[in-house]
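*Asks:*
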Amino acid sequence: MINTVLDQASGLRRMNQKNNHGVKVIAVTGGKGGVGKTNVSLNTAIAMGQQGHRVLVLDADLGLANCDVMLGLRVEKNLSHVLSGECELDEILVEGPAGIKIVPATSGSQNMVELTPAEHAGLIRAFSELNTEFDVLIVDTAAGISDMVLSFSRAAQDVMVVVCDEPTSITDAYALIKVLSREHGVYKFKIVANMVRSLREGQELFAKLSKVTDRFLDVALEMVATIPFDENMRKSSRRQKTIVELFPNSPAAVAFRGLASKAAKWPIPHQPSGHLEFFIEQLVNG
1 MINTVLDQAS GLRRMNQKNN HGVKVIAVTG GKGGVGKTNV SLNTAIAMGQ
51 QGHRVLVLDA DLGLANCDVM LGLRVEKNLS HVLSGECELD EILVEGPAGI
101 KIVPATSGSQ NMVELTPAEH AGLIRAFSEL NTEFDVLIVD TAAGISDMVL
151 SFSRAAQDVM VVVCDEPTSI TDAYALIKVL SREHGVYKFK IVANMVRSLR
201 EGQELFAKLS KVTDRFLDVA LEMVATIPFD ENMRKSSRRQ KTIVELFPNS
251 PAAVAFRGLA SKAAKWPIPH QPSGHLEFFI EQLVNG
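If you read the sequence shown in our numbering, its first letter stands for residue 1, the second for the next number, and so on.
What follows is the structure, encoded as structure tokens:
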């Protein structure tokens, strides 16, 4: 345990020395599966890449990774190989569209679902030794409200909650917001209404969620995007591409580019919370 703490401390010191510029950290989560969370993560990341930002996507569904599959990328090694000491984080990064980089996780590995303290220390070391520079880290969390989902969400500067117009989506999003606010001190949430039929439907969806949070929780919700239902999304998925690549003028792609432009302007807090080391420190110690 003492060695683990020392590893964490030395890793954070190295990160302080190397990452002297602010890194915007955005966690994309949703409470339940099937709301299009990974689609939102990847399309936003690629749109930001197209706009000139250096983006790193962390596939934080550590046991059921799918970012690489959705983009049709070939992955030889993943985060489990880094944590086992077989390679460095830079060695597993795969390049996606618009120059974005992806940290691939494992698929079908129960061991990666809950990391041990030693593996947490390994995660710190991996990021502290990362040589690839980037401006934005997008964390695509797993579904549900597991400890890892909560850890990644509370550590990020901005928590983007993806909801769709289904009762279970609204209920699960509320449950996630409730736990993060009451147990982890997260009080601001950015809401993305996904796969809606109209702007009005998106606004009504936001109103439903806001009504219950206003009544029972001390939180602030901000509607940041309404992503319309778009048949081209399905066509893109079948071809293992994103809609912003294949159908850049489609309604959903236009909405994702708008979200990317907005996200790029979200302020980066002053040190320490504006730096990557804060994210990792919060992830491990929070």
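All C-beta atoms in this analysis are idealised placements derived from N, C-alpha and C, irrespective of residue type, glycine included.
First and last residue of the alpha helix (DSSP H) that includes Ile-191?
*Replies:* Not the alpha helix (DSSP H): Ile-191 falls in the beta strand (DSSP E), residues 188-196.
*Asks:* Quickly, what does DSSP pair Asp-172 with across the bridge? List them, please.
*Replies:* DSSP, once it has assigned bridges, lists no residue as partnering Asp-172.
*Asks:* Leu-123: which of Ser-80, Thr-132, Arg-74 sits nearest, CA to CA?
*Replies:* Ser-80
*Asks:* Would you kindly work out how many angstroms separate the C-alpha atoms of Glu-88 and Ser-153, rounded to a whole number?
*Replies:* If I take the Cα positions, the gap works out to 24 Å.
*Asks:* From the DSSP output, read off the bridge partner residues of Met-223.
*Replies:* Ile-191
*Asks:* If I'm right that Thr-226 touches Asn-43 with Cβ under 8 Å, what's the distance once you round it to whole angstroms?
*Replies:* No, Thr-226 and Asn-43 are not in contact; Cβ-Cβ is about 14 Å, not under 8 Å.
*Asks:* From the DSSP output, in three-state form, read off Ala-27 for me.
*Replies:* strand
*Asks:* Excluding sequence positions up to five away, which residues of its chain have a Cβ less than 7 Å from the Cβ of Asp-165?
*Replies:* Val-196, Glu-201, Leu-205
*Asks:* What number of angstroms, rounded off, separates the C-alpha of Leu-73 from the C-alpha of Glu-91?
*Replies:* In a straight line, the C-alpha of Leu-73 is about 15 Å away from that of Glu-91.
*Asks:* Going by beta-carbon coordinates alone, are Lys-32 and Thr-168 separated by less than 8 Å?
*Replies:* Their beta carbons are under 8 Å apart, which means Lys-32 touches Thr-168 by this criterion.
*Asks:* Taking Leu-56 as the reference, which of Asn-66, Lys-101, Val-35 has the closest Cα?
*Replies:* Lys-101
*Asks:* Between Ser-261, Pro-267, Ala-27, which has its C-alpha nearest Ala-143's C-alpha?
*Replies:* For Ala-143, the closest C-alpha among the options Ser-261, Pro-267, Ala-27 is that of Ala-27.
*Asks:* Measuring straight from C-alpha to C-alpha, what distance separates Glu-183 and Pro-228?
*Replies:* 33 Å
*Asks:* Pick out whichever of Pro-267, Val-162, Ser-236 has its Cα sitting closest to the Cα of Leu-221.
*Replies:* Of the listed residues, the one whose Cα sits closest to Leu-221 is Val-162.
*Asks:* Taking 8 Å as the threshold (C-beta atoms), are Gly-49 and Ala-105 in contact?
*Replies:* no
*Asks:* What does Thr-298 pair with, by DSSP beta-bridge criteria?
*Replies:* This structure cannot speak to residue 298, because the chain is shown only from 1 to 286.
*Asks:* So Lys-178 and Leu-217 are in contact, right, with Cβ under 8 Å, and what is the actual spacing, rounded?
*Replies:* 6 Å
*Asks:* Provide the residue(s) that pair with Val-94 in DSSP beta bridges, ordered along the chain.
*Replies:* For Val-94, the beta-bridge partners assigned by DSSP are Ile-102.
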